Every structure is written in structure tokens, then in C-alpha cells.
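**Student:** In our numbering, the protein residues as written are 1 to 70.
The beta-carbon is built from N, C-alpha and C at its ideal position, and this holds for glycine as well.
Remember, it's a predicted structure, so these values are computed and weren't measured experimentally.
Spelled out as C-alpha cells, the structure:
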């Protein structure tokens with residue numbers, strides 16, 4: 001059976017790991033929020049590019065069958 005000292009050390013170790021895990025979660029949350037914020041700033045640009053590409057694609061005729069062979 002574990003001694004009282006070993007149990008205290010184990011508890012301190014677990015508390016330390018929990019603190020580190022909590023800090024890592026906060027950092028990852030902050031990074032994710034920053035990434036989403038940046039993504040939101042480019043949303044209008046991507047929508048405009050998509051609109052332009054769709055307009056160009058409407059004017060292009062699609063071939064009905066493949067003309068050559070590889």
C-alpha cells in the first residue's frame with residue numbers, strides 16, 4: 001500500500017498536470033478564436049471570387065464528349 005507521502009506526491013503531480021492541461025486548453029482556444037476571426041475577414045473576398053468564377057463559368061461551353069484520346 002502507498003504511504004501517505006507517496007499519496008501526497010501523486011496528488012501534487014495530478015494537480016500540476018491539470019494546471020498544464022488547463023493552460024494548454026486556453027492557448028488552443030485563443031488560437032482557434034484568432035483563426036476564425038481571420039477567416040471571417042477574408043469571407044467577403046472569397047465570396048466575390050466565387051461570384052466572378054461562376055460568372056465566367058456560365059459563359060464557357062462544356063464539351064459533350066471527349067475529343068481526343070490519351
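Between residue 28 and residue 34, what straight-line distance do the alpha-carbon atoms span, to the nearest angstrom?
**Tutor:** One C-alpha to the other measures close to 10 Å.
**Student:** At the level of alpha carbons, what is the spacing between residue 47 and residue 31?
**Tutor:** Each residue's alpha carbon lies about 24 Å from the other.
**Student:** Is residue 11 near the ligand ATP - that is, is its Cβ less than 7 Å away from at least one heavy atom of it?
**Tutor:** Of the ligands one can find in the structure shown there are none, so the ligand ATP has no counterpart to examine.
**Student:** Can you give me the C-alpha to C-alpha distance between residue 58 and residue 65, rounded to a whole angstrom?
**Tutor:** Between residue 58 and residue 65, the C-alpha separation is close to 18 Å.
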